[in-house]
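What follows is a set of notes on a single structure, which appears directly below.
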Amino acid sequence: MADSNHINNLPDGLLLEIFTYLPLIDRKTASQVCRLWDQEAFSARLMTSVRLRISCTMLNSKARSLELLRNSSRPYRNIMITLCGSGACNDIQYEFIVTVLDLFGKSIESFTMIRGCSAAQFKDFVVRMPGLKHVTAYVTEPDKRPVESLVFPVLGKLREVDLEINNDDVLESGQLDVLGMAPNVTQLGITFDKCDEPVQVIDLLEVCAEQLTSLDLFVPHDRIPIDELQLGKLEVLKLRGRAFSYDNNKLYLLFKGLPALKEVHLDFVVTESALRIVCSNCPKLEKLDIKTDILQEKSFKCLETLSNLQVLIVNFINTNMIVGCKPLTSIKEMQIHVDDTYLNNHDYAEQMYRVFPNVRSMKIFFRGFRTKIIDEVFVRQICRTFVNLRKLTVSGEYCLYATVRGFDSPNDLGNVEEFIFIKTGFSIGPSSYTNRIKRLIFDHVNAIDIDVYSIDKFFPKLQYLEFVSCKEIKPDVIVKLRETFPRYVIHYVHLERRWMY
């Protein structure tokens, strides 16, 4: 008779290797078998995508929560604090966080706190995490201690820092000396939440200007002199806040001083003159993310100067914007939004293809539809027209109860090899047997109107199948699918969040 414990007698490392191929939900199930399996399923190597979330619910049952955490042997590498209330955390919350960090701090590499803390509280947290690599914290008030007591040696290895600043006192106190906190920082995010007066952001940035490669900046007003920034090594810039959309002169002076930019994300409605400023001053640009609501005819001719542009993310592109525009052959990836007005333009796909002929990956957000059905004609036109397209994502995130259906012609899917559906329904005609689809992903798709056990008839070249939080797909369906199609890689996630707790 076989030893019932034989799997635990496998050579060292083999059990861990087996667990590396299991989705997180399956590892959670396996971890309940015995302590050995729990240790292997959640060893340090496999904790990259696992995050410990400290919430109000845990604090409401503080004693029980701490007992469970003390009995855990999992070496958590990521932790998120999402406690209730506003302002700095109170004494009870502070003590609870400190206790948790005393338990797991040595293995923590990423720390995120979705609420305020004082500078002194922040220091007490981070000193308990000597291996910290990434931190997001919201410092809501300065502390009365001397500035020199707020030096954080543990942050010396950090290359990425996010800060939220609610008032100018935090900066004037000198307690947020970025280089003093994290002398090796190269990626910096700053959010000015409630600052009503001009803040000393320029002074804050100047101290690390020579080393910053990425800056994410949000300001609520136009009093910050962004035109004074001189960040010669900056490669990634994200600007958020309506203030940036008003002063083209400031934008011109800003981008003129950023010659190394490769990525630009402008989270506000841009004018044609603003777009021209970006294109004329950023010759190395590889990725552009803009809001195009008010762009006029021929606006996209500005992009002709960007020979390195590979990724274009916009909300809307109407055909007037691309009139007279030469083919932008360097662009390989696009994200666009479409609404009802596009469905009546049967030449839209052809006109888009003329300007973007080499696109290999496209994500389409459908929004504002009057009906509950996303018109499949538009999707078919995209698939047939973009001959180089290999990956297509169709999203109904802005369109409740939307459904994509049709594909009745064998050539409807063109050369697409990977098809992703996000928050849409899905159905397919019985004659769609000829296509190149190898990867098929359903993400929050609650109506899949096909027989999934006959999916090989619809997609004869399929190799990879994934279901993420699909209402009709239960674990027993996945088991049967894996038995029916042993050659497929089938991935199943039933949780709503990207991070698993």
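My numbering applies: residue 0 is where the sequence shown begins, and numbers increase by one.
We treat Cβ as the ideally placed atom computed from N, Cα and C, and that holds for glycine.
Counting along the chain, A40 sits inside the alpha helix (DSSP H) bounded by residues R34 to A40. Rounded to the nearest angstrom, the gap between the Cα atoms of S72 and L35 is 11 Å.
Secondary structure of I316 (DSSP, three-state): coil. Taking C-alpha positions only, I80 is separated from H345 by approximately 50 Å. As computed with DSSP, M112 is found in a beta bridge with I80. For the pair K290 and V322, the CB atoms are not nearer than the 9 Å cut-off.
E332 carries a strand assignment under DSSP once its states are collapsed to helix, strand and coil.
For D411, the number of other beta carbons within 10 angstroms of its own is at least 16, and it is reported as buried. C-alpha of K237 to C-alpha of T212: approximately 12 Å in a straight line. In the structure shown, the three-state DSSP call for Y75 is coil.
Taking C-alpha positions only, F441 is separated from C33 by approximately 33 Å. Contact check for H490 against L461 fails: the beta carbons are separated by 9 Å or more. Comparing C-alpha distances from K362 to each of V310, N317 and N319 shows the shortest one belongs to V310. Here T47 carries a coil assignment [DSSP, helix/strand/coil]. Rounded to whole angstroms, I107 and R389 show a C-alpha spacing of 39 Å. DSSP places Y397 in the strand class (E or B) of the three-state scheme.
L480 is classed as buried because its beta carbon has at least 16 other beta carbons within 10 Å across all chains shown. Put simply, of Q229, K325, Y397 and L14 the residue whose alpha carbon is nearest the alpha carbon of V337 is Y397.
In the same chain as Y341, and ignoring 5 residues on each side of it, the C-beta atoms closer than 7 Å to its own belong to Y347 and F377, in chain order. S306: not part of any alpha helix (DSSP H); DSSP gives it neither H nor E. For D288, the uninterrupted beta strand (DSSP E) segment begins and ends at K286 to K290.
Contact check for N319 against E296 passes: the beta carbons are separated by less than 9 Å. Boundaries cannot be given for R435, as no beta strand (DSSP E) includes it and DSSP labels it neither H nor E. Fewer than three Cβ pairs drawn from the region 221-233 and the region 262-281 lie within less than 8 Å of each other, which leaves the two stretches out of contact. Just measuring C-alpha positions, the residue of R127, N59, N414 and P74 sitting nearest T47 is P74.
Counting only the Cα atoms, A259 lies some 34 Å from I381. When DSSP states are grouped into helix, strand and coil, S54 belongs to the strand group. A direct Cα-Cα distance of roughly 52 Å separates K249 from R26.
Per the Cβ contact rule, the region 57-70 is not in contact with the region 115-123 (fewer than 3 Cβ pairs under 8 Å). DSSP places G12 outside both helix and strand once states are collapsed to three, so it counts as coil. Beyond the five residues adjoining it in sequence on each side, I472 comes within less than 6 Å, by CB distance, of F466 in the same chain, given in chain order.
K325 sits close to E303, with the two beta carbons spaced by under 9 Å.
A distance below 9 Å separates the beta carbons of V393 and F420. In the three-state reduction of the DSSP assignment, G231 falls in the coil class. Per the C-alpha coordinates, the member of F457, L67, C88 and M112 positioned closest to N77 is M112. One thing to note: C55 has its Cβ no nearer than 9 Å to the Cβ of L14.
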